[in-house]
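Numbering (UniProt numbering), first residue to last: 1 to 120.
Cβ coordinates follow ideal geometry from the N, Cα and C atoms, glycine included.
The structure appears right after this line, and notes come after that.
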Amino acid sequence: MLFALAGNPDADKADIYATVLGEDQTPSEYLEMLVEGVTSHQEALDAAISEHLKKNWQLSRLNKPDLIVLRLGLFEIQNEADLPDRVAINEAIDLAKKYSDDQAGKFVNGILAHFVTDDK
1 MLFALAGNPD
11 ADKADIYATV
21 LGEDQTPSEY
31 LEMLVEGVTS
41 HQEALDAAIS
51 EHLKKNWQLS
61 RLNKPDLIVL
71 RLGLFEIQNE
81 ADLPDRVAIN
91 EAIDLAKKYS
101 DDQAGKFVNG
111 ILAHFVTDDK
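See below:
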C-alpha cells in the first residue's frame, strides 16, 4: 500500500487496497491504521529520519523502498506501545531486504536503532 501510494499520492486508497489486496478482500484495521498513520505523519517521520542521515545526505537521495520502510518502522516504534522496538526494526529490515538491495537491511537497522528505547 505505502509503495503504491508513494508512486501515486493522489490515488484513492480504496482503489489501491482493491488492486493490492484483491477486489474481494478488505484491509485489516491494523493495515489501515499503519497506512493512515504513516501518510498523515510523513513530514514528522521524514524530519526525524533526516536527523540521522550522514552529513550532506538528504531524503531525496534515498531509494524509495528504503525511505518507505524507514517511515513504516519509525511509525511503529513511535506509536505501537504493544510492539517491542526490536520487533519493529526486524520487520523493517526484512522488508528492506525484500524490496531493496543487499545493503538496505543494514542501512535501515542503522537508522532505526537511533530511535530504540530500552523500556519497550
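Taking 8 Å as the CB-CB limit, is P65 close to chain B? Of the protein chains in this structure there is only one, and it is not chain B.
Stretch pair the segment 55-68 + the segment 99-112: three plus CB contacts closer than 8 Å: yes
Cβ-Cβ separation, L112 to A81 (assumed contact under 8 Å), whole Å: Contact flag wrong, Cβ pair sits at about 17 Å.
Classify A11 as buried or exposed, calling it buried when 16 or more other Cβ atoms lie within 10 Å of its own Cβ. exposed
Pick helix, strand or coil for N63, following the three-state DSSP scheme. coil
What are the start and end residues of each continuous alpha helix (DSSP H) run of 4 or more residues lying completely inside the segment 69-104, in chain order? 85-99
Note down the Cα distance separating V116 from L72, rounded to an integer number of angstroms. 14 Å
Separation of G37 from P27, as counted between CA atoms: 15 Å
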